[in-house]
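Take 2 as the starting number for the sequence shown in this note's numbering and just add one per residue. Ideal placement from N, C-alpha and C gives every residue a C-beta, glycine not left out.
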Amino acid sequence: MKEQGLIIFQDGTMLTYGEHYCSDDPNYPQKPGHEENFIKQIIPSFPFKLAGLEYDMNENVYVNAIRLSLDGLVLIFNNQLTTTSPTEILAYVPIYPTEEQIKSVEEYEKLKNIEIQKVYEFQSLDYEDYNEYNDLKDYSNSKRRNKK
């Protein structure tokens, strides 16, 4: 996954943002990070504005990700540390995803072979109040079972 991250709205619309650079890349840290690219590319986007969401500029992108996942969005961050380390993502997922979101997660090819996946479903803004999944497949399977 070359992007810094992606967001999946409730209708399944997916937006990616930024270009990820690992800490051992010569372009790191000259390139903008997750927060700067999220603010520049996602917040002004039509889907974000249409959803009527707010981004708290007084908080960092990860605190905002918890809140936005509680508002029903899927947020996935590229978290690969070095060019030789395994690909890693950090995902914040909603408690009640839509069918369209589940399909987007399942069908997005770049997510299928991610080696390390940390998937968190926050129940509240309390950092200790979350469910953790083995990977996105485990999350989507769990949500499909619960819908039956």
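Ranked by Cα distance from Ser70, the options Phe10, Leu16, Leu51 are led by Phe10. The three-state secondary structure of Ile44, taken from DSSP, is coil.
The three-state reading of DSSP puts Gln5 in strand, counting E and B together. Beyond the five residues adjoining it in sequence on each side, Cys23 comes within less than 8 Å, by CB distance, of Tyr29, Gln81, Leu82, Thr83, Thr84, Ser86 in the same chain, given in chain order.
Judged by beta-carbon spacing, His35 lies within the 9 Å limit of Val62, meaning their Cβ atoms are closer than that value. Taken atom to atom, the span from the alpha-carbon of Glu110 to that of Phe47 is near 24 Å. Check the Cα spacing between Val75 and each of Glu4, Ser143, Leu126, Thr14: the tightest is with Thr14.
Per DSSP, the unbroken alpha helix (DSSP H) holding Lys104 starts and ends at 100-108.
In this structure, Met58 places its C-beta atom within 9 Å of the C-beta atom of Ile40. DSSP, read as helix, strand or coil, puts Phe49 in helix. Going by DSSP, Val94 is part of no alpha helix (DSSP H) at all; its letter is neither H nor E. For Asn142, the enclosing alpha helix (DSSP H) has its first and last residue at 137-148. When Lys32, Pro98, Pro33 are compared, the shortest CA-CA separation from Ile8 is found for Pro98. Under the DSSP assignment, Ile117 falls in the beta strand (DSSP E) whose first and last residues are 117-123. A straight line joining the alpha-carbon of Asp25 with that of Lys148 spans about 43 Å.
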